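Engineer:
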Amino acid sequence: RWKGTYEKWALYLQPIGSAFSYKGITISDCRASVVILWEDVPSINIENITLKTTTGELRGSASMDSKKPLLSANLEGGSNLSELFAFVDIETLINPMGFWSGTALSIAQRFNSWDEFEPIGQTVFEGNLQLKEVSFGISESNINFENLEAELTVRGDDIRVDRCFVQSGPNNAVATGAIIDAINGRPQVALRLESPTIDADPLLFWEFEDSEDENDDFGFDFEVDVLIDNLNLGKFDGQGLRGTIYNRGTNLLGREMRIDGCGGTFRGNWALAEEGSGSSFWSSASCTTIEMDELLKSFDSFDIEDLDESNLKGTVNATAEMTFHFDRDWDVISQLTSIDVQAEVNNGSLQNYVPLQELSTFVDRDELSHIDFPYLKGPFQIRGDTLIIPETRVDNSAINLWVNGWQNLETDDIEYSIRIGLKDLALRGKNSNRDLGDWVAEAETENQPYMRLIVGCNLEDPCIRLDRRQIRTSLKSTIKQEKEDLKTLFKRDEEDERQNDRNKGSFELLWPESDSLSHSILYLK
């Protein structure tokens, strides 16, 4: 129905059963009451809107007025997500399926004029949304989510996540939080993620395709507080995983992470960063009251041959800083590995460790089959494929010793220098039939109170010999110190004699620079 003049008129419409398509959405039935007023400032009012789509329905009202037309709509309804994403294209999602519904939905968009209808600024959207039975994949990856249900509140550019349940494979979690600047700008995601159980093994197979642009990042920033009651990784079962995971550009970081497991607690910070043609992982970590046998069992003895949870027991406290480098295929570049550890072991024991039997020349086999060490403290390093142990005192039930050296973790080649006190050997001699004559004699020829041994070759077939180089080095150091002590002593005696003795004289101390302890003192009058 139309009335008015050419310049000012009114049009009243009541479409029923109208059908059309818009941006891929098919409207099978459109009903509404439309009033168009064409005056100095035109206006359009649409009431009792009902739009039936292929999978859902929208209801509400809309209006448009002012010289720079402002479209305002208030709607409610829902449909299949496939229709929504035909209208709103999101490139990061693949095959989104499921249903959405909304209440108190409002949409506002301003245009430059009634003649051109060019949008000014961004569309403003607010309302309450629900997502049900949603599934989708992430583009440029093999990641799929089989179920997602969410309750969202949109206000301006921000989305409040009242509750979001998500499931991928055997894992599920519930997230709450907010997405700031989600509509217009760089989104800032702040979430709290809770889960009863996470199986980490499937997550290790998540893959992303390499981007051609090395400067590409996620397109958003995130910070997620993680609260996971149980974490399963291979044979490791952890409890109470807590911490914050966030990004800085393309770098992933973990802050104040902690998890209980293996009888104790692990803590630390970490960072995963892109680097050249690969990536690097850095961590500063610590552990307290970790049971070594449980640790070895949980991580398959870290691929150390001849050692498992039946061999090594004790409680460990340690701090460590480590860096690993990976190539494009996420294989470790072992020659670039760097690990520094400071550790202490309480109530330790080493049982039935085969390589120790090479020391049976010095210690009874029965004692070597079960060695207790009440307390052990020291640092060690890993550089590339090599484990490096500095001089460390090892007090134990078999025989006290000092050890330093290295071991190649790939080839199992070893070279350890072991220092054993001759007194300890003598005290233990009465308990065995060992013939130590050849070993002890060479050490004693230089008055050396310790015997130095080299345990070398390979873990599978170790060999043992005297460490003559260390014996000479230690001997020179001892002689040099004794020489200085004697010089000081004679100098003091000489000053006393000059004051109290009229018969003045002098002496000269001659000390040959050799590995021998023999020396000569000549008195000159």
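Its first residue numbered 7, the sequence shown is counted upward by one per residue in the numbering used here. Every residue gets a Cβ at the ideal spot worked out from N, C-alpha and C, and that includes glycine. No experiment lies behind these values; they were computed from the predicted model shown.
1. Would Phe105 and Leu81 qualify as a contact pair, given that the criterion is a beta-carbon distance under 8 Å?
2. Based on Cα-Cα distance, which residue from Ser141, Phe91, Gly274 and Asp121 lies nearest to Tyr28?
3. Out of Val409, Ile388 and Ala181, which has the shortest C-alpha to C-alpha gap to Glu397?
4. Since Cys268 contacts Ile296 with CB under 8 Å, what's their CB separation in whole angstroms?
5. How would you label Glu450, buried or exposed, when you count the other beta carbons within 10 angstroms and need 16 or more for buried?
6. So the beta strand (DSSP E) Leu374 belongs to, where does it begin and stop?
7. Can you round the beta-carbon distance between Tyr456 and Ile426 to whole angstroms, since I take them to be within the 8 Å contact cut?
8. Determine the burial state of Ala25: buried for a count of at least 16 other Cβ atoms within 10 Å of its Cβ, exposed for fewer.
9. Taking the alpha-carbon positions, what's the Ile31 to Arg65 distance?
10. Residues bridged to Glu315 by DSSP?
11. Between which two residues does the alpha helix (DSSP H) carrying Ala206 extend?
12. I need the boundaries of the alpha helix (DSSP H) containing Lys14, first residue and last residue.
13. Excluding the five sequence neighbours on either side, which residues of its own chain have a C-beta within less than 8 Å of the C-beta of Gly108, listed in chain order?
14. Is the Cβ-Cβ distance between Ser34 and Thr59 less than 8 Å?
15. Quick one: grab the DSSP three-state call for Lys138.
16. Which value, in whole angstroms, describes the spacing of the CA atoms of Ala447 and Leu472?
17. By how many angstroms is the C-alpha of Ser423 removed from the C-alpha of Thr367?
18. Kindly indicate which residue of Arg166, Val140, Asn464 and Asn275 has the alpha-carbon position closest to the one of Ile186.
19. Please return the same chain residues whose Cβ sits closer than 8 Å to the Cβ of Asn439, not counting the five positions on each side in sequence.
20. Just curious, the alpha helix (DSSP H) that Lys303 is in, first and last residue?
21. Give the straight-line distance between the Cα atoms of Leu76 and Cys36, rounded to the nearest whole angstrom.
22. Is it right to say Ala16 is buried, meaning 16 or more other beta carbons lie within 10 angstroms of its own, or is it exposed?
23. Tell me which same chain residues have a C-beta within less than 8 Å of the C-beta of Pro21, skipping the five on either side of it?
Structural biologist: In this structure, then:
1. no
2. Phe91
3. Val409
4. 5 Å
5. Per-residue confidence for Glu450 stands at a pLDDT of 45, beneath the threshold of 50, marking its modelled position as unreliable; the derived number appears in the next sentence. Glu450 should be labelled exposed.
6. Where Leu374 is concerned, there is no enclosing beta strand (DSSP E), although the alpha helix (DSSP H) it sits in stretches over Arg371 to Ser375.
7. 7 Å
8. exposed
9. 16 Å
10. BP columns for Glu315 are empty, so no partner.
11. Ala206 to Leu209
12. From DSSP, Lys14 is part of no alpha helix (DSSP H); its letter is neither H nor E.
13. Leu81, Glu82, Gly83, Gly84, Gly133, Asn134, Leu135 and Gln136
14. yes
15. strand
16. Residue placement at Ala447 cannot be trusted, given a pLDDT of 45 that sits under 50; what the coordinates show is reported in the next sentence. Distance between the alpha carbons of Ala447 and Leu472: 11 Å.
17. 16 Å
18. Arg166
19. Low confidence applies here, because Asn439 scores a pLDDT of 43, under 50, leaving its location unreliable and the question unanswered by this model.
20. Met298 to Ser304
21. 22 Å
22. exposed
23. Cys36, Arg37, Ala38 and Val40
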